[in-house]
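Before any comments, here is the structure.
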Amino acid sequence: MTTNSRALVVETVIERTPDEVWADVRDIASHVGWMHDAVAIRFLSDTREGLGTRFECDTKVGPFRLTDIMEITAWDDARRMGVRHAGLVEGVGEFTLAEVSPGRTSFSWAEDLTFPWYVGGPLAGVFARPVLRLIWKRNL
Numbered sequence: 001m002t003t004n005s006r007a008l009v010v011e012t013v014i015e016r017t018p019d020e021v022w023a024d025v026r027d028i029a030s031h032v033g034w035m036h037d038a039v040a041i042r043f044l045s046d047t048r049e050g051l052g053t054r055f056e057c058d059t060k061v062g063p064f065r066l067t068d069i070m071e072i073t074a075w076d077d078a079r080r081m082g083v084r085h086a087g088l089v090e091g092v093g094e095f096t097l098a099e100v101s102p103g104r105t106s107f108s109w110a111e112d113l114t115f116p117w118y119v120g121g122p123l124a125g126v127f128a129r130p131v132l133r134l135i136w137k138r139n140l
């Protein structure tokens with residue numbers, strides 16, 4: 001994913017190796033355990049990890065509830081996972097891991113989301129960005 005000015009990016013450094021962090025990230029079903037906005041995941045494909053894995057993800061932010069259909073679009077073990085969102089809010093996202101020093105990993109989460117005109121379009125995105133940034137930073 002190439003980030004642009006609309007992309008929302010949050011980053012942190014985790015005191016674990018990229019392989020250790022990836023062990024949690026690759027387990028898509030476990031994302032509801034560390035993503036505070038993710039409520040449930042239901043797999044639509046036979047696969048549970050890797051390129052082409054598809055799933056529904058129920059999310060909740062305050063009073064707003066959405067169900068996105070997501071597909072894994074990039075999968076580089078211990079380095080990168082990309083996803084495409086389809087639903088009310090559409091877009092692409094990517095987790096990127098990089099070793100910053102032995103036993104320390106930079107975790108970057110980038111999302112480029114598009115809001116439909118009937119919920120405010122780009123203006124909704126302007127207001128959603130700071131809220132999503134806080135939630136996603138807390139997730140990391």
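Numbering (our numbering), first residue to last: 1 to 140.
Glycine included, each C-beta is placed from N, C-alpha and C at the ideal position.
So is the beta-carbon of residue i under 6 Å away from any non-hydrogen atom of the ligand MN?
{"i": "Gly50", "result": "For the structure depicted, the ligand MN is absent and the ligand set is empty, with no information on it obtainable."}
Are residue i and residue j touching if we call contact CB-CB under 7 Å?
{"i": "Ser108", "j": "Val100", "result": "no"}
{"i": "Cys57", "j": "Asp46", "result": "no"}
{"i": "Val13", "j": "Arg104", "result": "yes"}
{"i": "Thr59", "j": "Ala74", "result": "no"}
Measuring alpha carbon to alpha carbon, tell me which of the options ends up nearest residue i.
{"i": "Val9", "options": "Tyr118, Leu113, Cys57", "result": "Leu113"}
{"i": "Glu49", "options": "Lys60, Val25, Arg138", "result": "Val25"}
{"i": "Met70", "options": "Gly62, Arg104, Leu97, Ala40", "result": "Ala40"}
Give me the Cβ distance between residue i and residue j, rounded to the nearest whole Å; I'm assuming they're in contact under 8 Å.
{"i": "Val92", "j": "Val83", "result": "7 Å"}
{"i": "Ala7", "j": "Ala110", "result": "5 Å"}
Nearest-angstrom Cα distance between residue i and residue j?
{"i": "Met35", "j": "Tyr118", "result": "27 Å"}
{"i": "Gly52", "j": "His85", "result": "13 Å"}
{"i": "Arg65", "j": "Ile28", "result": "20 Å"}
{"i": "Ala23", "j": "Phe95", "result": "13 Å"}
**Prompt:** Are the stretch 11 to 29 and the stretch 78 to 88 touching by the rule of at least three beta carbon pairs closer than 8 Å?
**Reply:** As far as the Cβ criterion goes, the stretch 11 to 29 touches the stretch 78 to 88, which means the pair count is three or higher.
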